[in-house]
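Chemist: Residue numbers (the UniProt record's numbering): 1 to 347.
Glycine included, C-beta positions come from ideal geometry on N, C-alpha and C.
Got a structure here, written out as structure tokens. Questions coming.
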Amino acid sequence: MPAAPGRRALLGAMAAWPLAARAQGTRPVRDAAGRLATLPQRVTRVFAAGPPAALPVWSLAPDLLAGWVRAPRGPERAFLPPEAAALPETGRLTGSAADTASVEAVVAARADMILDYGSVTPSYAALADRLQAQTGIPSLLLDGTLAKIPDTFRLLGEILGREAAAAPLAAAAAHRLNDAREAAAELAARGRPRVYYARGPQGLETGVAGSINTEIIEFCGAENVAATQAGRGGLAQVSAEQVVLWDPDWIITPEAGLAAAMPGHPLWGTLRAVRAGHVAVAPVLPYGWVDSPPSVNRLLGLAWLPVLFGIRPRDRLADQIGALSDMLYHRRPDEAQLAAMLRSAVP
């Protein structure tokens, strides 16, 4: 049976795009999972498979990003340049809410490559293979581990032909990681605080041992009280009674409304962290400092957490956050925006 007109057009686009790439020459590229892909000599458009992948591309080469998995909304736009809002929303190919982007949409974006960023495991490598087979577009996987951010910027710079732009990003990331490691050693000598990360409107979703969502808390020297929870490497729902039993020294949450309600709550209000005023709101504009998504945006969290835990002074934090925002998002928050974020982030 002959293909329908729309289907024939799609198949034609998929066939024509590799031919255009071959016309300008190709080159082999190996990703963080060791997979070999063939890219055009000059990459002109990158399709982000999930929210974490969009951010390193935006930081390094905003002109190459084909679109946002989820376009910036409302107050998020105030922390990004106007060019960010002009990009389309593409949907996602990987992650907990996968497949909101169709194969047709990926091909229509006329990207030279698909980029995924996160866990470099056999299952995610197989997913990249499957995306490549379905779309006919080279699909690469980069390591989303916090400590690998400098390597990721350097590798992505090589992939995109933006080595010069990648060098200062990698250097800034390495500096933040090294400073956080030093702060963590000082914190360990003083006594590691026990921290609960309260996600979701009720605060009862959190990261367990090995979770990329709470990785930064442990990297900065604190103890994640939920690391003993059943499961590994992801998120878990816990009960309020379990949080009461943990009775952490600090609560960190991206939910400002939840934090404000905790002192008067019959359960949250009994916790030592709440009674001591040790509830910090992790900023989420334009992206989270702890996760949401777990990507290069966490570099801001590396500057913040040592201040929160009393290892680094507060007086330089606004300048550090401003400089990192300018480097990662191409827009520096103004003084009022910085003050509003830090007011609840460092109680």
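1. Report buried or exposed for V46, applying the criterion of at least 16 other Cβ atoms within 10 angstroms of its Cβ.
2. Does the segment 63-77 come into contact with the segment 163-172, if we say contact requires no fewer than three beta-carbon pairs (one atom in each stretch) closer than 8 Å?
3. In whole angstroms, what is the alpha-carbon distance linking E255 and V284?
4. Thinking just about the alpha-carbon of each residue, which of I311, P294, G288, F219 is nearest to the one in I321?
5. Just reading off the alpha helix (DSSP H) that M341 is part of, what are its end residues?
6. So the alpha helix (DSSP H) L29 belongs to, where does it begin and stop?
7. Short check: CB of F153 to CB of L60, under 8 Å?
8. Counting C-beta neighbours from all protein chains within 10 Å, is the total for A345 16 or more, i.e. buried, or is it exposed?
9. Please work out which residues of its chain come closer than 7 Å, Cβ to Cβ, to Q229, disregarding the five sequence neighbours upstream and downstream, and give them in chain order.
10. Give every residue of the same chain whose Cβ lies closer than 6 Å to the Cβ of A174, excluding the five residues on either side of it in the sequence, and list them in chain order.
11. Among N213, A54, Q242, V279, whose alpha-carbon lies nearest the alpha-carbon of L258?
12. State the Cα-Cα distance for the pair E163 and L328, rounded to the nearest angstrom.
13. Just to confirm my understanding: we take A37, look at its own chain, exclude 5 residues before and 5 after, and list those with CB closer than 6 Å. What are they?
14. Ordered along the chain, which non-local residues of its own chain (more than five positions away) have a Cβ less than 6 Å from that of P88?
15. Using the rule of at least 16 other Cβ atoms within 10 Å of the residue's Cβ for burial, across every protein chain shown, is A126 buried or exposed?
16. What residues in its chain sit with their C-beta under 6 Å from that of L324, if we drop five residues either side in the sequence?
17. What three-state label does DSSP hand Y329 in the structure shown?
18. Would you tell me roughly how many angstroms separate the C-alpha atoms of A188 and W304, rounded to the nearest one?
19. Among V195, V290, D291, I216, which has the Cα closest to the Cα of L245?
20. Verify the CB distance criterion: does W246 have a CB-CB separation below 8 Å to chain B?
21. Label G221 either buried or exposed according to how many other C-beta atoms from any shown protein chain fall within 10 Å of its C-beta, with 16 as the threshold for buried.
22. So, is D334 buried or exposed, given that buried needs 16 or more other C-beta atoms within 10 angstroms?
23. Can the beta-carbon of D247 be found less than 8 Å from the beta-carbon of R272?
24. Where do the N-terminal and C-terminal ends of the beta strand (DSSP E) with G301 fall, by residue?
Modeler: Per the coordinate set shown:
1. Here residue 46 corresponds to residue number 46 of the sequence shown, with the count starting at 1. A buried status is given to V46, since no fewer than 16 other beta-carbon atoms sit within 10 Å of its beta-carbon.
2. Result no; under three Cβ-Cβ pairs closer than 8 Å.
3. Stepping through the sequence shown from its first residue, residue 255 is reached at position 255. Stepping through the sequence shown from its first residue, residue 284 is reached at position 284. Straight through space, the alpha carbons of V284 and E255 are spaced by roughly 9 Å.
4. Within the sequence shown, the letter at position 321 stands for residue 321. It is G288 whose Cα lies nearest to the Cα of I321.
5. One-based indexing of the sequence shown puts residue 341 at position 341. From DSSP, the alpha helix (DSSP H) with M341 extends over 335-345.
6. Here the question's residue 29 lines up with position 29 in the sequence shown. This sequence places Val at residue 29; Leu is not what is there. Run containing V29: none in the alpha helix (DSSP H); it sits in the beta strand (DSSP E), 26-30.
7. Here residue 153 refers to the residue found at position 153 when the sequence shown is read from its first residue. Here residue 60 refers to the residue found at position 60 when the sequence shown is read from its first residue. In this structure, the beta-carbon distance from F153 to L60 falls below 8 Å.
8. The residue labelled residue 345 in the question sits at position 345 within the sequence shown. So A345 counts as buried.
9. One-based indexing of the sequence shown puts residue 229 at position 229. Non-local beta-carbon contacts of Q229 in its own chain, meaning distances under 7 Å to residues more than five positions away in sequence, involve V208, A236, V238 in chain order.
10. Indexing the sequence shown from 1 puts residue 174 at position 174. Take A174, set aside five residues on each side of it, and the residues of its chain with a beta-carbon closer than 6 Å to its own are P150, in chain order.
11. Residue numbering aside, residue 258 sits at position 258 when the sequence shown is read from its first letter. It is V279 whose Cα lies nearest to the Cα of L258.
12. Position 163 of the sequence shown, counting from 1, holds the residue named residue 163. Position 328 of the sequence shown, counting from 1, holds the residue named residue 328. Each residue's Cα considered, the two are about 16 Å apart.
13. One-based indexing of the sequence shown puts residue 37 at position 37. Excluding its 5 nearest sequence neighbours in each direction, A37 has C-beta neighbours in its own chain below 6 Å: V29, P138, L140, listed in chain order.
14. Position 88 of the sequence shown holds residue 88. The residues are G67.
15. Mapped onto the sequence shown, residue 126 falls at position 126. Label assigned to A126: exposed.
16. Against the sequence shown, residue 324 aligns to sequence position 324. Once the five neighbours on either side are set aside, the close Cβ partners of L324 are L299, L300.
17. Locating residue 329 in the sequence shown gives position 329, where the first residue counts as 1. In the structure shown, Y329 adopts helical secondary structure according to DSSP, grouped into three states.
18. Here the question's residue 188 lines up with position 188 in the sequence shown. Here the question's residue 304 lines up with position 304 in the sequence shown. W304 has its alpha-carbon roughly 17 Å from the corresponding atom of A188.
19. Position 245 of the sequence shown holds residue 245. Closest by C-alpha distance to L245, out of V195, V290, D291, I216, is V195.
20. Here there is only one protein chain, and chain B is not present.
21. Translated into positions along the sequence shown, residue 221 becomes position 221. G221 is buried by the Cβ-count criterion.
22. Taking the first residue of the sequence shown as position 1, residue 334 is located at position 334. Of the residues assessed, D334 falls on the exposed side of the cut-off, its CB having fewer than 16 other CB atoms within 10 angstroms.
23. To locate residue 247, count along the sequence shown from 1; it is residue 247. To locate residue 272, count along the sequence shown from 1; it is residue 272. Yes, these two residues count as a Cβ contact at 8 Å.
24. To locate residue 301, count along the sequence shown from 1; it is residue 301. Careful: G301 lies outside any beta strand (DSSP E), inside the alpha helix (DSSP H) at 298-308.
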